[in-house]
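Right, one structure below, let's go through it.
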Ligand code: G4P
């Protein structure tokens, strides 16, 4: 095995996906503590913003900008180099989260056992499913009275359309939470509130009839455990790693992050089975991580919001080969050579200049405007990676320059902020001077105005637009496509790649358009991977 193979097999690049408040920050922190990357609790800043005003949000972003290393947290555990990608917590910025998922090889889904499957969880899992990303699941907050575990499994399987395979099973809940039984390793793990699990709290129990269980958790919970396990084995097939790696089934763990319960076992399992860098699909061909030549793509751009230092950091995921400091590469979109003297790797609270990065690693590149989200860098080959789709925004506005004397600043600001992914920009066919912006959440509109003014000295205002539902469209029948566009010209927008988007104002009118135009395909992402709606 050569060094490239050895290094890439060590890599484990993943993200935590969850609905806000499920415990993502708490788990991240515990993982970093176990990985020795931080030494005190409270070191990880939550990305969520419970305060809703734009200036509070900007303050928070500035704080996060300073500790930019929290975007990617690298640490060593169980012989593997783990790269945990942070995904923004604020619901309005979920698009950034979706894109972050393009840079990982697996995901950890965290579900609050009191609330069950929530909105954001559904959407994020849909993105994972699109790419067959393996998902492991952690049911959190078992120290609270929550939903029945069987019900939680049912709900997860039904709502997220993924097979569930319990690996651990909870004994009691809330005040009666006694621990979990590991169905695969046949081990009992006892829960002592507020205490880290000690070796004496873990015992092998090969046979569930063992009276030791009654002794440790009480007769009635022991009886319930036996009954549950008998029921489970009839309903769920045993866990198979292959099904997980194909994204077809998710192993499920139960625990309590705040109490540090079940997290180490989760990390042990992840490091033993989570995939190392997987092949990445490009428009031209599939790129294997073990290929010697370097390829990588930019999935996130983080701006320095201080107008006096307009540098940005482009986050590049290494897909194949090695990325070397000072080596000249090929920036595919511009066709120009590209080289960096200070590629940065991120640890939990630090960052450092690296000479070499391997597949699965994320490097930060100081950028003064070269990169856009989705850009590919190679050793010369033309490769355009798939998997960094734009998602259909839910709010649309006409955007207008409110200060005609600042025309140049207005356009520059708008273009740069769109490149950063703050908003998506569309135009109208044959009326390219009219610009429409699309966002996932209201707050993005305010952030755009704020940043245009504070960083570019430009002012913008918005005008209402009726439509709220967007679908990217294409067709194998060019004539039908032209006719559809002509007939619906007032409802058509064009994105920056020149792809057409059909706007409708209700699910009902969308369904009607779809039924009346069988030759047109409608997609909810720009990538057109799967005709989810059709
Ligand atoms: P997020 O990043 O997914 O938004 O969630 P975060 O970790 O911030 O957790 C959300 C809330 O849930 C926090 O409480 C956290 O302490 C709590 N929590 C996390 N894990 C558990 C658990 O296993 N059991 C229980 N009972 N609570 C848990 P908070 O009051 O919002 O914040 P804080 O004041 O405790 O920081």
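Numbering (my numbering), first residue to last: 569 to 1102.
From the three backbone atoms N, C-alpha and C, an ideal C-beta is built for every residue, glycine too.
Please read all numbers here as calculations on a predicted model, not as lab measurements.
For the pair of segments examined, the segment 838-854 was found not to touch the segment 766-776: the number of CB pairs separated by less than 8 Å stays below three. Three or more beta-carbon pairs separated by less than 8 Å are not found between the segment 1052-1062 and the segment 1015-1031, which leaves the two stretches without contact.
Taken in chain order, the whole beta strand (DSSP E) runs of length 3 or more contained in the segment 966-1031 are 992-996, 999-1007. For secondary structure counted as the alpha helix (DSSP H) over 4 or more consecutive residues, the segment 780-864 holds these complete runs in sequence order: 787-803, 809-813, 831-841. Setting aside the 5 residues that flank it on each side, residue 756 is surrounded in the same chain by 749, 771, 773, each with a C-beta closer than 6 Å to its C-beta; the list follows chain order.
Look at residue 888 here: in three-state DSSP terms it is strand.
Closer than 7 Å to some heavy atom of ligand 1: that describes the Cβ of residue 592.
In this structure, the straight-line span from the alpha carbon of residue 869 to that of residue 855 is close to 23 Å. A straight line joining the alpha-carbon of residue 584 with that of residue 678 spans about 7 Å. In the structure shown, the three-state DSSP call for residue 669 is helix.
With 16 or more neighbouring CB atoms inside 10 Å of its own CB, residue 1040 falls in the buried class. Cα atoms of residue 982 and residue 1020: separation of roughly 7 Å, rounded to the nearest angstrom. In the DSSP assignment, residue 695 falls within the alpha helix (DSSP H) that extends over 687-699.
Annotated as distal: residue 593 and residue 928, with beta-carbon spacing of 8 Å or more. Rounded to the nearest angstrom, the gap between the Cα atoms of residue 1060 and residue 1069 is 6 Å. The C-alpha of residue 824 is placed about 39 Å away from the C-alpha of residue 987.
Collapsing the DSSP output to three states places residue 940 in coil. In this structure, the C-beta of residue 1002 stays at least 7 Å away from each heavy atom of ligand 1. Note that the C-beta distance between residue 900 and residue 925 is not below 8 Å. Residue 919 has its alpha-carbon roughly 49 Å from the corresponding atom of residue 780.
Rounded to whole angstroms, the gap between the alpha carbons of residue 848 and residue 950 is 14 Å. In the displayed model, residue 926 falls within coil according to three-state DSSP, outside both helix and strand. Following the DSSP letters along the chain, one finds residue 644 in no alpha helix (DSSP H) but inside the beta strand (DSSP E) bounded by residues 640-645.
Buried is the label assigned to residue 746, since at least 16 other Cβ atoms lie within 10 Å of its Cβ.
Distance from the C-beta of residue 744 to the nearest heavy atom of ligand 1 is not below 7 Å. The segment 793-801 makes contact with the segment 728-739; the number of CB pairs closer than 8 Å reaches 3 or more. Along the segment 1070-1099, the beta strand (DSSP E) occurs as fully enclosed runs of 3 or more residues at 1089-1091, listed in sequence order. Per the C-alpha coordinates, the member of 603, 673, 1032, 647 positioned closest to residue 842 is 673. If you draw a straight line from the Cα of residue 944 to the Cα of residue 761, it comes to about 48 Å.
Excluding five sequence positions before and after residue 576, the CB atoms of its chain that fall closer than 7 Å to its own CB belong to 844, 845, 857, 858, 926, 927, 928, given in chain order. Taking C-alpha positions only, residue 1043 is separated from residue 1062 by approximately 15 Å. With a threshold of 7 Å, the Cβ atom of residue 826 counts as near ligand 1, since some heavy atom of the ligand is closer than that. The C-alpha of residue 906 lies about 21 Å from the C-alpha of residue 954. The beta carbon of residue 1049 sits closer than 6 Å to those of 1043, all from its chain and outside the five residues before and after it, given in chain order. Distances between the C-beta of residue 651 and the heavy atoms of ligand 1 are all 7 Å or more.
When the Cα atoms are used, residue 573 and residue 1034 turn out to be separated by approximately 53 Å.
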